[in-house]
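Written below as structure tokens is the structure these notes are about.
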Amino acid sequence: MCAAAYIVSTVTGYVLTSALLLKCPSLLHRKKRETFLSKHISHRGGAGENLENTMAAFKHAVNLGTDMLEVDCHLTKDEQVVVSHDANLLRSTGVNAYISDTNYAELPPYLCKLGVTFQRECFCEGGEDKHIPLLRDVFDAFPNTPVNIDIKVNNDTLIKKVCVWVSELVVKYDREDLTVWGNSSNQIVKKCHKENPRIPVLFSLPRVLQLLGLFYTGLLPFVPLKEQFLEIPMPSIITKVKDPDSLTRSQRIITWLADTLLMRKALFKHLTARGIQVYIWVLNDEEDFQRAFDLGATGVMTDFPTSLKEYMDRNGIYCKPQ
Numbered sequence: 003m004c005a006a007a008y009i010v011s012t013v014t015g016y017v018l019t020s021a022l023l024l025k026c027p028s029l030l031h032r033k034k035r036e037t038f039l040s041k042h043i044s045h046r047g048g049a050g051e052n053l054e055n056t057m058a059a060f061k062h063a064v065n066l067g068t069d070m071l072e073v074d075c076h077l078t079k080d081e082q083v084v085v086s087h088d089a090n091l092l093r094s095t096g097v098n099a100y101i102s103d104t105n106y107a108e109l110p111p112y113l114c115k116l117g118v119t120f121q122r123e124c125f126c127e128g129g130e131d132k133h134i135p136l137l138r139d140v141f142d143a144f145p146n147t148p149v150n151i152d153i154k155v156n157n158d159t160l161i162k163k164v165c166v167w168v169s170e171l172v173v174k175y176d177r178e179d180l181t182v183w184g185n186s187s188n189q190i191v192k193k194c195h196k197e198n199p200r201i202p203v204l205f206s207l208p209r210v211l212q213l214l215g216l217f218y219t220g221l222l223p224f225v226p227l228k229e230q231f232l233e234i235p236m237p238s239i240i241t242k243v244k245d246p247d248s249l250t251r252s253q254r255i256i257t258w259l260a261d262t263l264l265m266r267k268a269l270f271k272h273l274t275a276r277g278i279q280v281y282i283w284v285l286n287d288e289e290d291f292q293r294a295f296d297l298g299a300t301g302v303m304t305d306f307p308t309s310l311k312e313y314m315d316r317n318g319i320y321c322k323p324q
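Under our numbering, the sequence shown has 316 at position 314, and the numbering climbs by one with no breaks.
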């Protein structure tokens, strides 16, 4: 009887303490310093309005007032860091070649028309800019705009070069405080953090899964977190990417379960109270914009920066001052 009472009192104490710290994390953790706050994030510069990852797309998004540019990086054969999503150029240029096997000067231009990955049966027809830019060009053109860098491959040279560029631009533009980098790969995130611990990193996929485990066991309030940004998909948008009728029963169940577990207001509120920004991607209609902000997400990543800006203006959610 005494043992049972001890167990009950211990579990009750643990649950109450966990619940208290979940709501009031400042009792245990110092809030991380937020050098910028991003509500409006342009995915690949706004892949639904301009050809993805082009300077034209980035300029349009920045002129619109976006809080952050999301870019993807690869390394060319002559070790130039370029902004492009795919390792292979076939989808974006029509040329079946890998960026890593091609010198920068020999990279083909983008096709005139590209599919929008996160919007079913949607295509973007670009203007004159079909050029694959250097990451350095993006930094130089937008010194005051936060840039979210997805390191697409586990390549030490790529990581070192990006780090060197960021470090150089700290002197020129105070760039370090306006950069966040990472990947879904835990190995890449660890290398990024090791290369320069001052540049904030994203949660990798294994760390997201660990984060959920900590949250649902009540351990999260007790655990320190090195990451400053949680960047996650909204699983329910699969119906915006694929034909709902083509989804199997198991796919629907998995999507529902993932959405239920991941889209948690209490989790987002706890993280933001600790100074960890929560970005949800890639949302392209007002219904999903509304849901993300209602859940307490810090920011929304979109292919349609104009649509997100108009939604935010109508609802009193403001981007940075233009």
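Just so you know, even glycine gets a beta-carbon here, dropped at the ideal spot from N, CA and C. Just so we're clear, the structure is a prediction, and the values are computed from it rather than from any experiment.
- As a beta-bridge residue in DSSP terms, Gln279 pairs with Phe231.
- Around the CB of Pro208, fewer than 16 other CB atoms lie within 10 Å, so the residue is classed as exposed.
- By the Cβ-count criterion, Ile101 is buried, with 16 or more other Cβ atoms from all chains shown falling within 10 Å of its own Cβ.
- Cα atoms of Leu29 and Leu23: separation of roughly 7 Å, rounded to the nearest angstrom.
- The C-beta distance from Ser40 to Gly301 rounds to 5 Å, short enough to fall under 8 Å.
- Residues of the same chain with a CB within less than 6 Å of the CB of Phe205, apart from the 5 flanking positions on each side, are Glu229 and Leu232 in chain order.
- Judged by beta-carbon spacing, Val73 lies within the 8 Å limit of Asn55, meaning their Cβ atoms are closer than that value.
- The C-beta distance from Ala299 to Tyr281 rounds to 7 Å, short enough to fall under 8 Å.
- Runs of beta strand (DSSP E) with 3 or more residues, each lying fully within the stretch 48-113, are found at 70-77 and 83-85, listed in chain order.
- Only residues of its own chain outside the window of five on either side were considered, and among them Leu232 and Val280 have a CB closer than 7 Å to the CB of Leu273, listed in chain order.
- Each of Trp258, Lys271 and Val64 was checked against the Cα of Val140, and the nearest Cα belongs to Val64.
- In this structure the stretch 183-202 touches the stretch 154-162; the number of beta carbon pairs closer than 8 Å is three or more.
- Here Tyr112 is buried: its Cβ has 16 or more other Cβ atoms, across all protein chains shown, within 10 Å.
- Closest by C-alpha distance to Ser20, out of Val225, Leu310, Gly96 and Phe306, is Val225.
- Cβ-Cβ distances below 8 Å link Tyr218 to Leu263 in the same chain, with the five nearest sequence neighbours on each side left out; the list follows chain order.
- A direct Cα-Cα distance of roughly 23 Å separates Thr68 from Lys271.
- Residue pairing by DSSP puts Lys115 in a beta bridge opposite Glu127.
- Short of 7 Å from the beta carbon of Leu297, and not among the five residues preceding or following it, lie these beta carbons of its own chain, in chain order: Met265, Lys267 and Phe270.
- For Val284, same chain residues with a beta-carbon under 7 Å away, outside a window of 5 residues either side, are His45, Phe120, Met303, Thr304 and Asp305 in chain order.
- In the three-state scheme derived from DSSP, where H, G and I count as helix and E and B as strand, Asp245 is classed as coil.
- Taking every protein chain shown into account, the CB of Phe125 has fewer than 16 other CB atoms within 10 angstroms, so this residue is exposed.
- By the criterion of a C-beta distance shorter than 7 Å, Gly129 is surrounded in its chain by Ala58, once the five residues flanking it on both sides are discounted.
- For Met236, no beta strand (DSSP E) run applies, since DSSP gives it neither H nor E.
- Straight across, the Cα-Cα distance linking Ser309 with Ile256 is about 29 Å.
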